[in-house]
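Visitor:
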Amino acid sequence: MFNLTLSELSQALSQGQFSSLELTQALLERIKRLDSQYNSFITLSEEQALLQAKAADASRAAGHATPLTGLPVAHKDLFCTQGIRTSCGSRMLDNFVSPYNATLVERLNQAGMVTLGKTNMDEFAMGSSNESSYYGPARNPWDSQRVPGGSSGGSAAAVAARLVPAATGSDTGGSIRQPAALCGITGLKPTYGRISRYGMIAYASSFDQAGPMTRSAEDAALLLQAMAGEDPLDSTCAVHPVPDYRASLNNSLSGLRIGLPKEYFAEGTDPEILQRVREAVAEFEKMGAQVKEVSLPNTQLSIPAYYILAPAEASSNLSRFDGVRYGHRCAAPKDLEDLYKRTREEGFGTEVKRRIMVGTYALSEGFYDAYYRKAQQIRRLIQQDFVRVLQDVDVIMAPVTPCAAFPLGEKNSDPVSMYMEDVFTLSLNLAGLPGMSIPCGFSGHLPVGLQLIGNYFDEARLLNIAHQYQQVTDWHQHTPANLSED
Amino acid sequence: MSLDRSDVERIAHLARLAIHEPEIPEYTESLNSILSLIDQMQATPTDGIEPLAHPLDAVQRLRSDVVTEANQRDSLQACAPAVEDGLFLVPKVIE
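Chains A and B are the protein sequences, given in the same order. 101 is the number that numbering that gives the first Met the number 0 gives to position 102 of the first sequence; each next residue is one higher, with no gaps. 2 is the number that numbering that gives the first Met the number 0 gives to position 3 of the second sequence; each next residue is one higher, with no gaps.
#1: Please decide whether Ile93 of chain B counts as near chain A, where near means a Cβ-Cβ distance under 8 Å.
#2: Which first and last residues belong to the alpha helix (DSSP H) in which Val280 of chain A is found?
#3: With 16 as the cutoff for other CB atoms within 10 Å, does Asp34 of chain A come out buried or exposed?
#4: Counting contacts by CB-CB distance shorter than 8 Å, is Val357 of chain A in contact with chain B?
#5: Using a C-beta to C-beta distance shorter than 8 Å, which residues of chain B count as neighbours of Leu380 of chain A?
#6: According to DSSP, what are the bridge partners of Ile257 of chain A?
#7: Buried or exposed: Asn70 of chain B, going by 16 or more other Cβ atoms within 10 Å of its Cβ?
#8: Within a Cβ cutoff of 8 Å, which residues of the same chain sit near Arg98 of chain B, ignoring the five residues on either side of it in sequence?
#9: Quick one: is Ile41 of chain A near chain B, going by C-beta distance under 8 Å?
#10: Is the CB of Arg15 of chain B under 8 Å away from at least one CB in chain A?
#11: Is Ala237 of chain A near Gly192 of chain A, with beta carbons less than 8 Å apart?
#12: Give the secondary structure of Leu107 of chain A by DSSP, where H, G and I count as helix, E and B as strand, and everything else as coil.
#13: With a threshold of 16 other CB atoms inside 10 Å of the CB of Gly198 of chain A, please say whether the residue is buried or exposed.
#14: Between Leu50 of chain A and Met112 of chain A, how many whole angstroms is the CB-CB distance? I'm expecting something under 8 Å.
#15: Taking any Cβ of chain A, which residues in the stretch 5-29 of chain B have a Cβ under 9 Å from it, in chain order?
#16: Would you call Glu68 of chain B buried or exposed, if buried means 16 or more other Cβ atoms sit within 10 Å of its Cβ?
#17: Is the CB of Ser74 of chain B under 8 Å away from at least one CB in chain A?
#18: Buried or exposed: which applies to Phe87 of chain B, given that a residue is buried once 16 or more other Cβ atoms fall within 10 Å of its Cβ?
#19: Alpha helix (DSSP H) containing Ile30 of chain A: first to last residue?
#20: Tell me the DSSP secondary structure of Ala155 of chain A in three-state form.
#21: I'd like to check one pair, Ser63 of chain B with Val415 of chain A: are the Cβ atoms closer than 8 Å?
#22: Report yes or no: is there a C-beta of chain B within less than 8 Å of the C-beta of Tyr468 of chain A?
#23: So the alpha helix (DSSP H) Ala298 of chain A belongs to, where does it begin and stop?
#24: Might you give, ordered along the chain, the residues of its own chain that have their beta carbon closer than 7 Å to the beta carbon of Ala165 of chain A, omitting 5 neighbours on each side?
#25: Quick one: complete alpha helix (DSSP H) runs, 4+ long, within the stretch 18-75 of chain B?
#26: Just to confirm my understanding: we take Gly326 of chain A, look at its own chain, exclude 5 residues before and 5 after, and list those with CB closer than 6 Å. What are they?
#27: Pop quiz: Val422 of chain A and Arg256 of chain A are said to be a contact at Cβ under 8 Å. What is the actual Cβ separation, rounded to whole angstroms?
#28: Taking only beta-carbon atoms, is Ala430 of chain A less than 8 Å away from chain B?
#29: Looking only at DSSP bridge pairs, what is Ala209 of chain A linked to?
#30: What is the rounded straight-line gap between the Cα of Ser132 of chain A and the Cα of Ser195 of chain A?
#31: Taking CB distances under 8 Å as the criterion, tell me whether Ala374 of chain A reaches chain B.
#32: Are there 16 or more other CB atoms within 10 angstroms of the CB of Pro270 of chain A, so buried, or fewer, so exposed?
#33: How far does the beta strand (DSSP E) with Ser442 of chain A in it extend, from its first residue to its last?
#34: Would you mind telling me which residues of chain A sit closer than 7 Å to Val89 of chain B, beta carbon to beta carbon, in chain order?
#35: For Lys261 of chain A, which residues in the same chain have their Cβ closer than 7 Å to its Cβ, ignoring the five residues on either side in sequence?
#36: Taking the CB atoms as reference points, tell me whether Ala48 of chain A and Gly69 of chain A lie closer together than 8 Å.
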């Protein structure tokens, strides 16, 4: 049961092999038994899950099942869930129970999914290792001494450890793709605005995008179908038709034009990773794809541009945490300023404070043009690079990360070395383009991800490409060796 | 340029973050290393490049000016640290 994908589970439920209640109980039991090894969940929502599972079984019996009815899911702990704590990995929201559901949560609930719980993450989604979580880091199921990646590290670890067949994530600078790569699962960051941000606690609003984290591209298509689309509650959510993502999964890749950006294959990346990516590209050539080298010359600039713009937006977004309306409040404030300052000092961790300060500085009087405006101009250059290249090719293929999962603690003390982890993922968020990470082999005992980058709103093509690859390879089916099979 | 201790104290104040004396050197050092990473972009000429604020260059959508929400004050205040008679409580602001 634990090794089945969403699509397989959906079939098993419809054939009556087991009920959603049995599936839910079995997974909850497995999480309770094993998650002390992975720390992938912050909160389990057992009571609600059992109710949802019973309701799903009743709805199926009444003939109202959707393809997602009764299927378990876990939500990254930045999606607001009514009645279930939403901590955002922070002491600031340790006591926060949202009065409403995020649109994404609401949609998956409506489709009949069962929420098992909320997954661990870097505090306020700021991090690439899950180590900035107030609840301690999640651990990589492939090697428990290594990070699962971040910020959606708990979602990736839970899916990789077969604790849940799918989870939601969010990707502001790589936070779906990087942990998906490091944990050997499939992760999709859709086009900016494809999925509503309503009820997703904001980090950097012009970058944040939710997406599915699954064990196959087919499952990602299934989830995206339910998650995507216009939302009156989020004015930045795109008004753009949602295609049938599963209908095109089996399209032929003959004649597909693949671009390999030379800047992503330069020195500094683990040679094993580059080799795995080239091997994956060779598989596509066998399927009739054509490959050419392309250039994204401003790639290196995405790190400085991102680390101005995202902290600037964060410093504004996180000003709402003031100890007045929700969340942590310091004891015995002597005046309003003391209330703000001590509440925020106590509620936020070090990396969050750093980014708030960088953003505050970049937006402060006298520095705006040199930092914020400059970074926005570079953002335009990076976008133009992609727009130009995507006129000539259908998809860009590249590594997701410069190295495989690194040891816990290795980069945690030096923010700059942690930021360099994001070199291959940030540029898509700056441009707002969709990207995927799919497993394409190993470096030693650790999984390697292949990144697929597509044009705006071309998620269907990315899913098609990923699915075809997963028909001729089995990297996505590998499981960590020490995984409990019972 | 490089930040010193007083810059860090000023930034922390602007961000309404209390900062403990012993932490200031560490924040100063890490903020300076982040800023030197960021300063790599200064070498790239960007004259005449239109800043990009939204990846799809979208404009704000408008909706009709009608009431769409019911009053949910009680449920929205249920997660507040201190409320009384439907009001959020804060330390005394006006003497």
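Where is the CB? At the ideal position from N, CA and C, for every residue including glycine. The structure displayed is predicted, hence computed values, not measured ones.
Guide: Reading off the structure:
#1: no
#2: 270-285
#3: Buried, by the Cβ-count rule.
#4: yes
#5: Thr43, Thr45, Ile48
#6: A:Val290, A:Val394
#7: exposed
#8: Residue 98 of chain B cannot be examined here, being either before or after the span of chain B that is shown, 0 to 94.
#9: no
#10: yes
#11: yes
#12: helix
#13: buried
#14: No, Leu50 of chain A and Met112 of chain A are not in contact; Cβ-Cβ is about 13 Å, not under 8 Å.
#15: The residues in question are Asp6, Val7, Arg9, Ile10, Ala11, His12, Leu13, Ala14, Arg15, Leu16, Ala17, Ile18, His19, Glu22, Glu25, Tyr26, Ser29.
#16: exposed
#17: yes
#18: exposed
#19: 19-33
#20: helix
#21: no
#22: no
#23: A small correction: the amino acid at residue 298 of chain A is Thr; Ala does not occupy that position in the sequence shown. Thr298 of chain A -> no alpha helix (DSSP H), and no H or E assigned at all.
#24: Leu5, Val72, Val158, Pro211, Met212, Thr213, Asp218, Leu222
#25: 23-37
#26: Met91, Leu92, Phe95, Phe320
#27: Wrong, their Cβ atoms sit about 25 Å apart, outside the cutoff.
#28: yes
#29: A:Ser169
#30: Approximately 24 Å between the Cα atoms of the pair.
#31: yes
#32: exposed
#33: 434-442
#34: Val323, Leu335, Leu338
#35: Glu292, Ser294
#36: The Cβ atoms of Ala48 of chain A and Gly69 of chain A do not sit closer than 8 Å to each other.
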